[in-house]
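Since the structure comes first, as structure tokens, the remarks are kept for the end.
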Amino acid sequence: MSRPQPLLKMCIIPRFLCVGFLAIGAIASTSPSFADPSSDRIQAANRQRLIETNRCQGCDLQNTDLNGLKLIGADLSKANLKGANLRSADLRSANLQESTLIYADLSYADLRLANLGQANLMGANLSNTYLLDASFRQSNLQEANLTDTFADGNVDIFTKVRQFVDLEGANLLKANLTNAKLGFANLENANLSEVNLVEANLENASLINTNLTNAKLCNTTLQDGSTNNQNCQ
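Here the sequence shown stands for residues -35 to -1, 1 to 198, numbered as in mature numbering (1 follows the signal peptide of the UniProt record, and there is no 0).
Here it is in structure tokens:
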């Protein structure tokens, strides 16, 4: 009665090996090196669609290279542009409402008249961008980099129309606004707590109900034109 034992062992070993191979397969399927390339193909197709039609609402463009593209008036509303490269892109009058731009590179981009209302720009790079007349109403700019941005508004003596960037209700928590030019900007109800405003220009900006708790002010031009140096070291 003891002879069947080797057969039992032979039966157990293949099952063990089978489980092992299944486990390895499960790990491999989640590894980046075994990633499904279909997502890359979709993003490449979406990029081409955007170039050809100037619209790609709600499409996936995550980590896509859009560097320097001319996208004037493009419709990218609700698009996923997380980590996308939009450096030096021409996005004048573009619709980016409710889009996801987390950690996207928008440095040196032209965003004049663009609509970024309710967009998520957390950690995005907006340094050296043109923001005149752009709308960021209720957008999330937490920890975004807006150093050296140009959004300096003015009053046109012929039309009497004020030109400014609209940041009403925007979340700018811990954002970097060093040397940002925000004359006539609408910052009503915006969260600028812990924001770096060193050498920023807020002359004639609307700061009604603006949260400036622990904001860093050094050589900062306030809305009345005065200079605040309270945090200079």
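Ideal Cβ positions, reconstructed from N, Cα and C, are used throughout, including at glycine.
As the structure is a prediction and not an experimental result, all values here were calculated from the model.
Boundaries of the alpha helix (DSSP H) around I16: 3 to 18. With contacts defined by Cβ atoms closer than 8 Å, N176 and L147 do not form a contacting pair. The bridge partners DSSP lists for T192 are T186.
Counting the other CB atoms within 10 Å of its CB gives K47 a total of 16 or more, which places it among the buried residues. Assignment of beta-bridge partners to K146 by DSSP yields F115, N166. The beta carbons of G38 and S58 sit closer together than 8 Å. Note on geometry: alpha-carbon atoms of A180 and R14 lie some 42 Å from one another. Beyond the five residues adjoining it in sequence on each side, L36 comes within less than 8 Å, by CB distance, of L15, N19, A54, D55, L56, A59 in the same chain, given in chain order.
Taking D75 as the centre and dropping the five residues before and after it, the same chain places the C-beta of D55, L56, R57, Y95 closer than 7 Å to its C-beta, in chain order. About 6 Å separates the beta carbon of A44 from that of L26, a gap short enough to meet the 8 Å contact definition. Short of 6 Å from the beta carbon of Q107, and not among the five residues preceding or following it, lie these beta carbons of its own chain, in chain order: M87, N136, L138. Annotated three-state conformation of T65 is strand, per DSSP. The residue from S92, Q62, D70, I67 with its alpha-carbon nearest to that of L78 is Q62. Taken through DSSP and simplified to helix, strand or coil, Y73 comes out as coil.
Separation of the CB atoms of N141 and T112 is rounded to 5 Å, and the pair is thereby assigned contact status at 8 Å. The DSSP-derived three-state label of D40 is strand.
Between L97 and the set L51, A145, N110, N50, the nearest pair of CA atoms involves A145.
Residue environment for D131: buried (at least 16 other C-beta atoms within 10 angstroms of its C-beta).
Residue burial annotation: N156 is buried, with at least 16 other C-beta atoms found within 10 angstroms of its C-beta.
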